[in-house]
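Residue numbers for the sequence shown follow the working numbering, so the first one is 228 and each next one is one higher. Backbone N, C-alpha and C define an ideal beta-carbon position, used for all residues, glycine too. Computed from a predicted model, the values in this text were never measured in an experiment. Have a look at the structure below, then the notes.
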Amino acid sequence: MKTFWSVILALVHGGAVLAAVPLVEFDFTQPTTAASWPAQHDISALRPTAEGLEITISGEDPYFSGPARDYPVGQSLWLSLRLKSAQGGPGQVFFFRSGATSTEGASVHFSAEPGQWSEVRLPLPPLGPSYRLRLDPPGQSGKCLLSWLRVERRNFYPTPIWPQAERLVTEGARRVRSGELEIAVAPRGGFRFAVGGTIWAKAMIARGSATWRATNRVDWSGNRRLISALCSILPTGSSRAAGTRSA
228 MKTFWSVILA LVHGGAVLAA VPLVEFDFTQ PTTAASWPAQ HDISALRPTA
278 EGLEITISGE DPYFSGPARD YPVGQSLWLS LRLKSAQGGP GQVFFFRSGA
328 TSTEGASVHF SAEPGQWSEV RLPLPPLGPS YRLRLDPPGQ SGKCLLSWLR
378 VERRNFYPTP IWPQAERLVT EGARRVRSGE LEIAVAPRGG FRFAVGGTIW
428 AKAMIARGSA TWRATNRVDW SGNRRLISAL CSILPTGSSR AAGTRSA
C-alpha cells in the first residue's frame, strides 16, 4: 500500500512539474522578447516596461506577430497569456506556419475585463515546427499591457474502465429487521438497505470490491424516521458510532 501511494504521489508531482514547464514562453518584461514582436497593424507604439509590453492601440483591428517556434508534432496545447487592457473586450490569437498567412479558422478567441489584469488559457490543436503566433489585443484605442505568453502541453487522460458489479441476488438472503428497517445480506456478500419497504441503497460485489448505489437521496440530518430505525437495530453502546456516520 505504501508503494502504491508513493507511485501516485510521484505521478501527481511529476505531472505538476511537467505542466509548469512551458514548451514556449515569451516574457514581455524582457526588452529582447518585446523587440521580437513588431507592430503590424493599428498599433502606433510598442514600449517595454517592467510590467510587460505596453501596446498603444490606434485603430479597430490591432495586431502583431511573434517569431517562429517549433512545437511537438501531434501534441495538443494550452496557450496562456496575462494582460491588462484599458478598454477591455474581445481578443484573438492566430497560429500559422512561418511563410503562411493567418486565417480565422486557425485562431482562438478570448475576452478581457477593462482596467484589470486577466490571465487567459486557451486550447490549441497540435501545431508542429516553425509556427508563429499573432495576437489581436482587446480594444480599439488606449493601451494594453502584455506581461507574458506561454504554450504548454495539453494532455488527455482516458476514462477509467470500472469493474462491472454483479447483480445483487437476494434469494436466500439473511434478513435483519427492527421496526421499519430491514437489512438483507445476500449469500455472495452484497446487501440491501431498506426502510419501510423503500430501498435506500444497495451494496454489490465487483471483483472483490464493494460497489455502492444509492437509490434515494438520504437526508441524514433531518430524517428522524431513518435515524430511529438505525438506532433501534444497533447494539447498546453503538449510538455514538451511528451519530458519527450521520454527520
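If you look at Pro275, you'll find it isn't in any alpha helix (DSSP H); it sits in the beta strand (DSSP E) that goes Ile270 to Thr276. If you compare the alpha carbons of Leu308, Pro414 and Tyr290 with that of Gly399, the shortest gap goes to Pro414.
Rounded to whole angstroms, Thr328 and Ser374 show a C-alpha spacing of 26 Å.
By the Cβ rule, the segment 253 to 272 does not count as touching the segment 334 to 354, because fewer than three pairs are nearer than 8 Å. Comparing alpha carbon positions, the residue from Ser405, Arg401 and Asp297 closest to Val412 is Arg401. The Cβ atoms of Arg381 and Leu304 sit closer than 7 Å to each other. Using a C-beta cut-off of 8 Å, the segment 256 to 276 makes no contact with the segment 303 to 317, since fewer than three inter-stretch Cβ pairs fall below that distance.
Here Ala339 is buried. Its C-beta has 16 or more other C-beta atoms within 10 Å. Distances from the CA of Glu281 to each of Asp297, Ser368, Ser334 and Ile410 were compared; the closest alpha carbon is that of Ser368. Spanning the alpha carbons of Ala272 and Glu331 requires a straight line of approximately 25 Å. Spatial neighbours of Ser325 in its own chain (CB-CB distance under 6 Å, excluding positions within 5 residues in sequence) are listed in chain order as Ala295, Ser357 and Arg359. Excluding its 5 nearest sequence neighbours in each direction, Ile284 has C-beta neighbours in its own chain below 8 Å: Asp269, Ile270, Ser271, Gln314, Pro364, Gly366, Gln367, Ser368, Gly369, Lys370 and Cys371, listed in chain order. It is roughly 15 Å from the alpha-carbon of Phe323 to the alpha-carbon of His336. With distances taken between CA atoms, Gln343 lies nearest to Lys311 out of Lys311, Val320, Pro317 and Gly355.
Taking C-alpha positions only, Pro299 is separated from Ile426 by approximately 54 Å.
Taking the C-beta atoms as reference points, Arg361 is found nearer than 7 Å to Tyr290. Within its own chain, the residues whose Cβ lies closer than 6 Å to the Cβ of Ala421, once the five positions on either side in sequence are excluded, are Glu409, listed in chain order. Remark: C-beta atoms of Pro249 and Ala261 do not approach each other more closely than 7 Å.
Under the DSSP assignment, Thr283 falls outside any alpha helix (DSSP H), being part of the beta strand (DSSP E) whose first and last residues are Gly279 to Ile284. Between Pro341 and the set Glu252, Gly318, Gly355 and Gly301, the nearest pair of CA atoms involves Gly318.
For Thr256, the three-state secondary structure derived from DSSP is coil. Taking all protein chains in view, the Cβ of Phe383 is surrounded by fewer than 16 other Cβ atoms within 10 Å, so the residue is classified as exposed.
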